[in-house]
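Reviewing the structure listed below.
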Amino acid sequence: MRIACVAGARPNFMKIKPVVDALDAAGATTDLIHTGQHYDAAMSDVFFDDLGLRAPEVHLGIGSGSHAEQTARIMIEFERHLETTPTDAVVVVGDVNSTLACSIVAAKAGLVVAHVEAGLRSRDWSMPEEVNRVVADRTADLLFAPSPDAVDNLRAEGYRADQIHLVGNVMIDTLLANTERARKRSTLDDLALAPGTYGVVTLHRPSNVDEPDVLGGLIGALNDISEHIPLVFPAHPRTAGKLTELGIAPSLRIIEPQGYLDFLALQAGAALVLTDSGGIQEETTALGVPCLTLRENTERPITISEGTNRLVGTDPTAIRSAASDVLSNRPAARCPALWDGRAGERIAAVLMAHLRSDDRRRPTDRA
Ligand code: UD1
Numbered sequence: 006m007r008i009a010c011v012a013g014a015r016p017n018f019m020k021i022k023p024v025v026d027a028l029d030a031a032g033a034t035t036d037l038i039h040t041g042q043h044y045d046a047a048m049s050d051v052f053f054d055d056l057g058l059r060a061p062e063v064h065l066g067i068g069s070g071s072h073a074e075q076t077a078r079i080m081i082e083f084e085r086h087l088e089t090t091p092t093d094a095v096v097v098v099g100d101v102n103s104t105l106a107c108s109i110v111a112a113k114a115g116l117v118v119a120h121v122e123a124g125l126r127s128r129d130w131s132m133p134e135e136v137n138r139v140v141a142d143r144t145a146d147l148l149f150a151p152s153p154d155a156v157d158n159l160r161a162e163g164y165r166a167d168q169i170h171l172v173g174n175v176m177i178d179t180l181l182a183n184t185e186r187a188r189k190r191s192t193l194d195d196l197a198l199a200p201g202t203y204g205v206v207t208l209h210r211p212s213n214v215d216e217p218d219v220l221g222g223l224i225g226a227l228n229d230i231s232e233h234i235p236l237v238f239p240a241h242p243r244t245a246g247k248l249t250e251l252g253i254a255p256s257l258r259i260i261e262p263q264g265y266l267d268f269l270a271l272q273a274g275a276a277l278v279l280t281d282s283g284g285i286q287e288e289t290t291a292l293g294v295p296c297l298t299l300r301e302n303t304e305r306p307i308t309i310s311e312g313t314n315r316l317v318g319t320d321p322t323a324i325r326s327a328a329s330d331v332l333s334n335r336p337a338a339r340c341p342a343l344w345d346g347r348a349g350e351r352i353a354a355v356l357m358a359h360l361r362s363d364d365r366r367r368p369t370d371r372a
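In this text, residue positions in the sequence shown follow my numbering: the first is 6, and each later residue adds one.
Structural data, given as structure tokens:
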């Protein structure tokens, strides 16, 4: 069985690692495909080093561009790869442009498509990730859901029961495998931070950083909070660029984007995290660290109902008040079922069984 495992952007690398490892252990031949959507050392190389992810067999070298340019370039190059490399199945993870592009190409090539992190829905069609995840699910034969709410979404959209597999969260597989290593690093000492005495900020969503009024309001609230507790802000290149372009000089502490282990160490030691990331809502829940999500919606409601996340929106007054509340009343740590470090193994078992069954010889029969 030859299986292409696709990763392209920063949050994909930690999701694909446990899947590749489990497929290799199950006897598959895996090709790790790096689309090159993220290419800076700090956005890509450091994750391969930190995670012990092998060098990709294939690097498509796509780089940045508009959504259409980036998606189209990935599609062209991935189709060329599949034309020359006999492949049985393609695994895509998450909701980035690489996920969308490769799932469409694989479906049209008649291959088995597996989507890891299927069924998440923000119901906010202004988010490029919502388009990506809905289309990736639609092209997939196998839908690997991280949580029961994702299963409910897929059922409501009419997917067949035999396509949907509740397997848990691959991002948490990687987190659990690395938390102790991360805690032993000198990250906090190097930044002169003591555990439990600081907050961590990340912001990169276009809806937050591309609108000057929204970004200005968020930075104003964060500046105020940083008068009570030091905040460190590893800035995504998109955000760093916008702050420079708009002449906004935050008083909180901006640092370079961090590698996987250093960022994990920062999260694990934080008194609170303020973010617009999807994955960080999940990681803080698994770590039991309070998280304030600076968005109007989340595709990961389970981190609110069964975790430490609170959806705060982008209103500066609401953010200041939620931060003060969480700092004085730390929410109890709790974690959703099956976020136990074994999601990759469950995915490999289902995918290998599917490829060995007669189903793969039939014309694809998607819902
Ligand atoms: C992408 C994902 C988003 C994910 C995020 C994590 C999509 C639609 N969005 O957003 O879901 O949460 O990655 O970071 O796929 N850039 C660099 N160096 C890099 C990569 C990008 O400087 O290595 C800059 C470029 O100016 C680029 C911009 O960041 O134009 C945006 O990159 P892009 O990959 O288009 O989207 P992200 O905002 O990173």
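The beta carbon of each residue, even a glycine, is placed where N, CA and C say it ideally should be.
A quick note: this is a predicted structure, and the numbers were derived from the prediction, not measured.
Tell me the start and end of each unbroken beta strand (DSSP E) in the segment 108–186 that is at least 3 residues and wholly inside, in chain order.
117–121, 147–150, 169–171
From the DSSP output, read off the bridge partner residues of residue 204.
Looking up residue 204 in the sequence shown gives position 199. DSSP output for residue 204 lists 236, 277 as bridge partner(s).
Report yes if the C-beta of residue 213 is less than 7 Å from at least one heavy atom of ligand 1; otherwise report no.
Numbered from 1 along the sequence shown, position 208 holds the residue referred to as residue 213. False, no ligand heavy atom lies under 7 Å from that Cβ.
Spatial distance of residue 207 from residue 238 (CA atoms):
If you number the sequence shown from 1, residue 207 lands on position 202. If you number the sequence shown from 1, residue 238 lands on position 233. Approximately 6 Å between the Cα atoms of the pair.
Cβ-Cβ separation, residue 327 to residue 292 (assumed contact under 8 Å), whole Å
Translated into the one-based positions of the sequence shown, residue 292 becomes position 287. Translated into the one-based positions of the sequence shown, residue 327 becomes position 322. Not really, about 19 Å apart at Cβ, beyond 8 Å.
Do residue 145 and residue 120 count as a contact pair if the criterion is CB distance below 8 Å?
Position 115 of the sequence shown, counted from the start, is the residue given in the question as residue 120. Position 140 of the sequence shown, counted from the start, is the residue given in the question as residue 145. Against a cut-off of 8 Å, the Cβ pair of residue 145 and residue 120 comes out as a contact.
In chain order, what residues of the same chain have a beta carbon less than 6 Å from the beta carbon of residue 111, not counting five sequence neighbours either side?
Against the sequence shown, residue 111 aligns to sequence position 106. Result list for residue 111: 95, 118, in chain order.
Residue 273 versus residue 192: straight-line alpha-carbon distance, rounded:
Residue numbering aside, residue 273 sits at position 268 when the sequence shown is read from its first letter. Residue numbering aside, residue 192 sits at position 187 when the sequence shown is read from its first letter. Their backbone Cα atoms lie some 11 Å apart in a straight line.
Considering only their Cβ atoms, is the gap separating residue 87 from residue 265 smaller than 8 Å?
If you number the sequence shown from 1, residue 265 lands on position 260. If you number the sequence shown from 1, residue 87 lands on position 82. No, the pair does not count as a contact, with Cβ atoms beyond the cut-off.
Do residue 243 and ligand 1 come close, with the Cβ less than 7 Å from some heavy atom?
Here the question's residue 243 lines up with position 238 in the sequence shown. It does: the Cβ of residue 243 is within 7 Å (strictly closer) of some heavy atom of ligand 1.
Would you mind working out which of 187, 319, 101, 209 sits nearest residue 300, comparing C-alpha positions?
On the sequence shown, position 295 is the one that residue 300 refers to. Nearest of 187, 319, 101, 209 to residue 300, Cα basis: 319.
Where the beta strand (DSSP E) through residue 36 begins and ends:
Mapped onto the sequence shown, residue 36 falls at position 31. 34–39 is the extent of the beta strand (DSSP E) around residue 36.
Given 7 Å as the limit, tell me if residue 246 has its C-beta closer than that to any heavy atom belonging to ligand 1.
Here the question's residue 246 lines up with position 241 in the sequence shown. Because some heavy atom of ligand 1 lies under 7 Å away, the Cβ of residue 246 counts as near it: yes.
Please list the terminal residues of the continuous beta strand (DSSP E) segment that includes residue 9.
Mapped onto the sequence shown, residue 9 falls at position 4. Here the beta strand (DSSP E) through residue 9 covers 7–12.
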